[in-house]
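Note that the working numbering has the first sequence beginning at 1, numbered continuously upward.
Built from N, CA and C at the ideal position, the CB exists for glycine as well.
Down below is the structure, laid out as structure tokens.
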Amino acid sequence: MTQPRRLDRVLGLELEGIPPYSFDLSVHKPAGWAWISPFEAFSEGTVWTGFNVAERPIGIKAWSTGTVSEPSVRAEVYSDGPLPDREESLVETRLAMCLGLREDVAGFYELAERHDFLRQAKHDLYGMRCTPFPDVFTGAILAVTLQWSALKRSVGMRRSLYLEFGDRISFDGRTVILCPSPRRIASVGVEELRGRCNLGYRASFIRRIAEAIVRGDAPAMDELYAMPPSEARRRLRALKGIGEYSADIISPRMGFPVDVWSARIFARVFGLDASRPVGRLIADTRRVADDLFGEWKGYVFVYVINDLAIREPSLLGMG
DNA sequence: GCGTCCAGGTCTACC
DNA sequence: GGTAGACCTGGACGC
């Protein structure tokens, strides 16, 4: 195992948000989803994580300095050297995006008042944001490893990719493993990827997505963020191995990524016949989500699953 | 112990 | 444009 790269504090940021905003719920969701890296740490309201900016590993320590009604986040940025102005600006923009700080959820909360299950979720998770990935490759690795696999194996594949190929960084007394860079994965053979990470047929998908990003043939996350959501998903689906489900996960304006598992949950929430063939069930839950919630459907997905994690954890296999 | 089924999708070939 | 079959692997289940 390689020694972690030591990073020093190079920048402090104070980020304002649109209320209501809950930092803790946004970066540390009740369903146990990590904010950015499965190897980040969260303790007493502070998160230590990181991502790559212009192929440079960046460490982030962040915590709330405000309230739900007057949100403010302090972020300390760590690097292996001073950041050029352009990279400082990139880090600040990306952090605000990943935190969902500038997302106005008033429209979603209005919608939530019209549905019992959402009114409850809004109450339980008030101020929580959907938090986009810092880059397309981080989202693609999650989406592809979730495909056609039981959760235990999905978790194992993703952790192996990080452990085998991700950068280890050490800062503020913590060590975090970052998402492997596309350039690193593009330099590894498909068979080696398959063997070291137990990826099966997914190895070629991940390798081809990495190559597309290195060539500049894939859209950047900030470009996707600026596009209409349907266009962003269309651009993502042009990548090999990214279908409707995966594009819904990766898109910065999250879609409604129903699969076999979540279709059964949402069939119950939406009052559909859960005994129908699973292919039909997935199509039906997608249609209902589109019709009732439009572009807020991603928030519906995240709020419902995380509210179940609080109220009915056994339904999610959480105990 | 062994065989079968199926799982938190996507692509390709074929019609 | 719609659909069947292939794709890796491993846990659960029946025998």
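Between the CA atoms of residue j and residue i - distance to the nearest angstrom
{"i": "I185", "j": "A212", "result": "11 angstroms"}
{"i": "K112", "j": "G127", "result": "According to the sequence displayed, residue 112 carries Ala and not Lys. In a straight line, the C-alpha of A112 is about 13 angstroms away from that of G127."}
{"i": "S314", "j": "P30", "result": "13 angstroms"}
{"i": "A203", "j": "N52", "result": "22 angstroms"}
{"i": "R276", "j": "A267", "result": "10 angstroms"}
{"i": "A263", "j": "V302", "result": "14 angstroms"}
{"i": "A121", "j": "R114", "result": "12 angstroms"}
{"i": "C130", "j": "W33", "result": "11 angstroms"}
{"i": "P252", "j": "L142", "result": "14 angstroms"}
{"i": "V269", "j": "C98", "result": "28 angstroms"}
{"i": "A150", "j": "E192", "result": "22 angstroms"}
{"i": "D222", "j": "L125", "result": "26 angstroms"}
{"i": "A323", "j": "M157", "result": "The first residue shown for the chain is 1 and the last is 319, placing residue 323 beyond what the model contains."}
{"i": "Y78", "j": "A41", "result": "15 angstroms"}
{"i": "V136", "j": "H123", "result": "31 angstroms"}
{"i": "F188", "j": "L308", "result": "Correcting the residue identity first, residue 188 is Val in this sequence and not Phe. Each residue's Cα considered, the two are about 40 angstroms apart."}
{"i": "M227", "j": "M254", "result": "13 angstroms"}
{"i": "T67", "j": "G200", "result": "46 angstroms"}
{"i": "F317", "j": "Q147", "result": "This sequence places Gly at residue 317; Phe is not what is there. Between G317 and Q147, the C-alpha separation is close to 18 angstroms."}
{"i": "D217", "j": "A247", "result": "16 angstroms"}
{"i": "R86", "j": "A96", "result": "16 angstroms"}
{"i": "V27", "j": "L281", "result": "31 angstroms"}
{"i": "S69", "j": "R207", "result": "44 angstroms"}
Among the options, nearest to residue i - alpha-carbon criterion
{"i": "F108", "options": "D248, L83, G189 and L292", "result": "L292"}
{"i": "T49", "options": "P20, S43 and G59", "result": "G59"}
{"i": "G271", "options": "G189, W35 and T285", "result": "T285"}
{"i": "L224", "options": "L281, D116 and F133", "result": "F133"}
{"i": "W35", "options": "L239, R119, R56 and T138", "result": "T138"}
{"i": "S22", "options": "D135, E103, E92 and E110", "result": "E103"}
{"i": "T2", "options": "K152, W63, E87 and Y162", "result": "Y162"}
{"i": "A177", "options": "V190, G166, S187 and R183", "result": "What sits at residue 177 in the sequence shown is Ile, not Ala. That would be G166, whose Cα lies nearest to the Cα of I177."}
{"i": "E164", "options": "F39, G298 and T93", "result": "F39"}
{"i": "G173", "options": "N306, V47, P20 and V304", "result": "V47"}
{"i": "V91", "options": "E55, R168, G241 and G45", "result": "E55"}
{"i": "G243", "options": "G17, V288 and A140", "result": "A140"}
{"i": "D80", "options": "P4, A62 and E312", "result": "P4"}
{"i": "W63", "options": "R86, L25, F256 and L83", "result": "L25"}
{"i": "D290", "options": "F256, I169, F117 and G241", "result": "F256"}
{"i": "P180", "options": "V304, Y245, F171 and V214", "result": "V214"}
{"i": "T93", "options": "E110, H28, D116 and E16", "result": "E16"}
Start-to-end residues for the alpha helix (DSSP H) that takes in residue i
{"i": "D290", "result": "V278 to F293"}
{"i": "S262", "result": "V260 to F270"}
{"i": "T93", "result": "D85 to L99"}
{"i": "G107", "result": "A106 to A112"}
{"i": "K122", "result": "D116 to D124"}
{"i": "A62", "result": "Run containing A62: none in the alpha helix (DSSP H); it sits in the beta strand (DSSP E), R56 to S64."}
{"i": "M221", "result": "M221 to A226"}
{"i": "I242", "result": "Per DSSP, I242 belongs to no alpha helix (DSSP H) and is neither H nor E."}
Residue range of the unbroken beta strand (DSSP E) whose run includes residue i
{"i": "E312", "result": "Segment: none, E312 is in no beta strand (DSSP E) and carries neither H nor E."}
{"i": "L11", "result": "D8 to E16"}
{"i": "V73", "result": "S72 to S79"}
{"i": "F42", "result": "A41 to S43"}
{"i": "V27", "result": "Note, V27: premise wrong, no beta strand (DSSP E); alpha helix (DSSP H) at F23 to V27."}
{"i": "P229", "result": "It is not in any beta strand (DSSP E) - P229 instead sits in the alpha helix (DSSP H) that spans P229 to R237."}
{"i": "F51", "result": "T46 to V53"}
If you pair each beta-carbon of the region 225 to 235 with each one of the region 194 to 201, do three or more pairs fall below 8 angstroms? no
In the region 139 to 211, which residue ranges form an unbroken alpha helix (DSSP H) of at least 4 residues, counting only runs that do not cross its ends? 151 to 165, 182 to 186 and 190 to 197
Check whether the region 68 to 75 touches the region 8 to 27, counting contact only when three or more Cβ pairs, one atom from each stretch, lie closer than 8 angstroms. yes
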